[in-house]
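In our numbering, the protein residues as written are 1 to 258. Glycine included, every Cβ here is placed at the ideal spot set by N, Cα and C.
1. Counting pairs of beta carbons, one from the region 164-184 and one from the region 136-149, are three or more of them closer than 8 angstroms?
2. Given a cut-off of 8 angstroms, decide if residue 203 and residue 233 are closer than it, judged by their beta-carbon atoms.
3. Need the endpoints of the beta strand (DSSP E) that residue 78 sits in, please.
4. Quick one: give me the first and last residue of the alpha helix (DSSP H) that residue 71 is part of.
5. Among the residues of its own chain, which have a CB less than 8 angstroms from the CB of residue 217, if the five just before and after it don't count?
6. Measure the C-alpha to C-alpha separation of residue 98 and residue 54 and round it to an integer number of angstroms.
7. Whose C-beta lies closer than 6 angstroms to the C-beta of residue 70 among residues of the same chain, with five residues either side of it excluded?
8. According to DSSP, residue 30 sits in a beta bridge with which residue or residues?
9. Please state whether the Cβ-Cβ distance between residue 34 and residue 90 is less than 8 angstroms.
10. Is it buried or exposed, residue 226, if we count other Cβ atoms within 10 angstroms and call 16 or more buried?
11. Whole angstroms are fine: how far does the CA of residue 68 sit from the CA of residue 271?
12. Could you check if residue 254 is buried or exposed, using at least 16 other CB atoms within 10 Å of its CB as the buried criterion?
13. Less than 8 angstroms between C-beta atoms, sequence neighbours within five positions excluded: which residues of the same chain meet that for residue 257?
14. Is the beta carbon of residue 162 closer than 8 angstroms to that of residue 96?
15. Keeping to the same chain, check which residues put their C-beta closer than 7 angstroms to that of residue 84; ignore five residues upstream and five downstream.
16. Taking DSSP's pairing of strands, which residues face residue 242 in a bridge?
17. Assign residue 86 to buried or exposed, taking buried as 16 or more other Cβ atoms, counted over all protein chains shown, within 10 Å of its Cβ.
18. Where does residue 183 fall in DSSP's three states?
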């Protein structure tokens with residue numbers, strides 16, 4: 001085992017021990033839930049209100065979806081970060097959501113609980129243990145930053161070290177519906193080669209996204225001025241071929257991100 005792996009394991013253990021202390025002391029005040037892969041924050045909020053999980057004034061801004069560029073495993077679900085008022089509200093929501101999961105397919109099996117406290121070491125990176133809801137010890141911004149850092153660390157091309165791929169960029173609420181992620185493009189593609197693909201539709205600032213190790217293709221996020229332009233580009237490119245410099249056809253998969 002290398003020194004870097006030992007350091008990573010040590011940091012993870014320290015973070016989880018701190019989170020366990022926060023949970024037992026009643027100071028962990030955020031949650032991570034697994035929701036449907038196609039759900040938007042507004043869908044999660046509606047389910048919360050219909051299930052009487054939150055008060056009527058709970059804002060959708062407290063719900064943060066898995067950011068563009070984060071590691072996405074093949075799954076019917078994806079993670080959402082929930083910012084609560086305080087530790088008591090987080091615990092109350094945790095108990096309600098574990099007692100009656102809101103989404104079909106979620107097991108909702110709660111960890112062992114003793115004296116009203118969950119006896120479990122939760123991950124603050126993402127909801128990776130398969131449970132429907134877990135506690136989280138970081139803010140939405142820190143959670144997003146951790147996920148992007150993790151994605152970049154495992155990326156074959158290190159996203160060409162694009163400094164624009166930050167949590168602030170991923171969390172811009174005004175860009176919801178204005179960005180299209182195009183997957184399946186050649187792995188060696190450069191930003192200037194992506195520009196002609198999108199400029200006729202009004203697309204600007206293509207940013208290369210992290211991909212899994214040894215993935216031969218690349219993924220790009222392209223920003224549009226309007227939602228209509230984003231959807232027009234998505235319809236024009238989805239499942240269409242892109243001819244690489246080697247003459248090979250690559251099938252593009254495009255998705256508007258909300």
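Per the coordinate set shown:
1. Result yes; three or more Cβ-Cβ pairs closer than 8 angstroms.
2. yes
3. 77-83
4. Element bounds for residue 71: n/a, residue is neither H nor E.
5. 183, 184, 185, 186, 187, 211, 250
6. 14 angstroms
7. 147, 151
8. Under DSSP, residue 30 forms a beta bridge with 83, 136.
9. For residue 34 and residue 90, no; Cβs fall outside 8 angstroms.
10. exposed
11. Residue 271 lies beyond the residue range present for the chain, which begins at 1 and ends at 258; the question has no answer from this structure.
12. buried
13. 68, 176, 177, 179, 180, 181, 221
14. no
15. 29, 30, 31, 90, 93
16. 250
17. exposed
18. strand
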